[in-house]
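Residue numbering for the sequence shown follows our numbering, starting at -1 and increasing by one per position. In this text, a Cβ means the ideal position worked out from N, Cα and C, and glycines have one as well. Working notes, beginning with the structure itself.
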Amino acid sequence: MELLYGPIRNYAWGSRSAIATLQGRPVPSDEPEAELWLGAHPGAPASVDRDGARVSLVDLLLAEPGHWLGEQVVDRFGTRLPFLLKVLAADAPLSLQAHPDRDQARAGHAADAARPEAQRNYVDPHHKPELLVALSSMEALCGFRDPAVSAEVLAAFGVPSLEPVVTALRTGPAGLSEAVRLLLTWPAAERDALVTAVASAPVGGLDAELARELSAAYPGDPGVLVALLLNRVRIAPGEAIWMPAGNLHAYLRGTGVEIMAASDNVLRGGLTPKRVDVDELLRVLRFEVLHDPVVRAREVAPGVVCWPVPVDDFALHRVRVGVEVPEVTLPLAGPRVVLCGAGGLTVDDGTGKVALGPGQAAVGPAAAGDLHLSGAGEAYVASCGQR
């Protein structure tokens, strides 16, 4: 194991306190800090020390793929780390977004090669399923809820122009695609009036509060109304949200540890100043009801829990060591990244022993042995999943 240094992405929706507090730096930070990336995605790779200089993890994997990734990972995913571990800290809503599946990502990336850069949707040929485990209480919009419920919510605002959308929703799941299409293709000249009418309607309840909050941040954005078609989810620390390909979602606020397939493919539908491609988003969305996006932790050993997911790009374990469980051994195969979430830990996989404090991370190669964790604290361990 050796220390891993991850870059911080400064997006406008980020927090000026969460990541800085985790890492023991002064608060508030100079800029909003949205994501700490701990992986080898070319967009923002982490690094390690080599002879007094920082070397990108991408370069190390390419130089020694057998050592770092192992034969099985190379055969399955090529010479790249198939997962990306992040700390996500949101003080404001993220964009309304979805991610492609494997086939859509490959085809989209290939098609984008012939397009001007400003018209491209796919930065890589990989899918991006993701799991977010709450470190603080978190709120999110995750997947479509029962369209009959959404129909009643929109009807209650009393805005006559929304009647075609309400009618589509009342046909059940079959009408979801038409309802979303109507909202996202609403005539540009009429959007501000529509969103203002909904946000100013004399209606109470959580949905009305959400509409007002989103409208204040993104006036005239039809994504404000699409957001009302989604499940609003609140998760406590230790609970997780699983977002498979094609599910529309937006994280609203809170801090969590996020693990995903190593991709940065994002198709946006609103609540953002960034590019929105409605046609491509509608093509990849799954217009189906997502009944329960929350994943509960499963204990796999004393002091160890995981959140099972149906992909083999990644697995995530949380390890807690202390008085009751002074040491934990994880029998991992393949590369691994360890993030210390609290306390103080020692991690050792036979290639080196590293002490970690809150917000620090370490990386180990596939050539290492089992991972041993000791001390008094909490760690999040990212590794490859099982086929």
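If you compare alpha carbons, which of the options is closest to residue i?
i	options	result
Leu2	Ser15, Tyr9, Arg48	Arg48
Asp122	Ala260, Val307, Arg266	Ala260
Met241	Pro329, Val264, Arg179	Val264
Ser135	Leu337, Pro235, Tyr378, Gly339	Pro235
Asn119	Ala199, Arg232, Pro98	Pro98
Ala18	Ala10, Tyr9, Pro30	Pro30
Gln117	Leu246, Leu354, Arg273, Ala90	Arg273
Leu34	Ser13, Leu250, Glu62	Ser13
Val46	Pro200, Pro363, Leu343	Pro363
Ala10	Ala87, Pro43, Leu160, Thr77	Ala87
Ala215	Pro271, Pro356, Ser175	Pro271
Leu59	Val72, Gly50, Ala51	Val72
Glu150	Ala186, Asp219, Ala42, Asp205	Asp205
Leu192	Val178, Ser213, Val307	Ser213
Gly332	Pro306, Pro308, Ser381, Arg23	Ser381
Val292	Ala238, Asp219, Leu337, Ala132	Ala238
Asp110	Gly355, Asp275, Val336	Asp275
Glu325	Val25, Arg113, Ala299, Asp310	Ala299
Asp310	Val352, Pro356, Ile257, Arg266	Ile257
Ala187	Arg7, Ser175, Pro220	Pro220
Trp305	Asp190, Thr77, Pro40, Val131	Val131
Could you check the C-alpha separation between residue i and residue j for me, to the nearest Å?
i	j	result
Ala295	Ala32	25 angstroms
Thr253	Gly350	30 angstroms
His289	Arg143	7 angstroms
Thr169	Ser93	28 angstroms
Gln21	Asp28	15 angstroms
Asn229	Val323	38 angstroms
His107	Glu115	12 angstroms
Gly383	Ala313	5 angstroms
Gln358	Glu0	11 angstroms
Glu376	Leu79	24 angstroms
Val303	Glu297	4 angstroms
Val147	His247	18 angstroms
Phe75	Phe81	10 angstroms
Ala44	Ala172	44 angstroms
Leu182	Phe285	14 angstroms
Ala90	Pro217	15 angstroms
Gly446	Leu354	Residue 446 cannot be examined here, being either before or after the span of the chain that is shown, -1 to 385.
Arg23	Pro200	44 angstroms
Determine the DSSP secondary structure at residue i, reduced to helix, strand or coil.
i	result
Leu283	coil
Gln95	strand
Asp73	helix
Gly221	helix
Gly320	coil
Ala32	coil
Ser13	strand
Arg52	strand
Asp100	Checking the displayed sequence, the identity of residue 100 turns out to be Arg instead of Asp. Reduced to three states, the DSSP call for Arg100 is helix.
Arg210	helix
Arg78	coil
Glu115	helix
Glu62	coil
Gly350	coil
Arg232	strand
Ser45	strand
Gly141	strand
Ala90	coil
Arg7	strand
Leu1	strand
Gly173	helix
Leu265	strand
Val157	coil
Ala199	coil
Taking DSSP's pairing of strands, which residues face residue i in a bridge?
i	result
Ala341	Note that residue 341 is Gly in the sequence shown here, rather than Ala. Gly375, per the DSSP bridge assignment.
Glu128	Met241, Met258
Lys84	Trp35, Glu256
Ser27	Per DSSP, none; premise fails for Ser27.
Gly362	Arg334
Ser381	Ala313, Arg334
Arg296	Cys304
Gly355	Gly355 is not bridged to any residue.
Thr327	His370
His247	Gln95, Cys140
Does the segment 87 to 107 touch the segment 273 to 293, meaning 3 or more C-beta pairs lie closer than 8 angstroms? yes
Does the segment 313 to 327 come close enough to the segment 37 to 55 that 3 or more CB-CB pairs lie under 8 angstroms? no
Touch test, the segment 201 to 210 against the segment 64 to 71, Cβ-Cβ under 8 angstroms, three pairs minimum: no
Specify whether the segment 330 to 348 and the segment 362 to 371 touch according to this definition: at least 3 beta carbon pairs, one from each stretch, less than 8 angstroms apart. yes
Give a yes or no on contact between the segment 192 to 203 and the segment 148 to 168, applying the rule of three or more CB pairs nearer than 8 angstroms. yes
Taking contact to mean 3 or more Cβ pairs, one atom from each stretch, closer than 8 angstroms, check whether the segment 216 to 229 and the segment 125 to 140 are in contact. yes
Does the pairing of the segment 158 to 178 with the segment 125 to 132 give three or more beta-carbon distances under 8 angstroms? no
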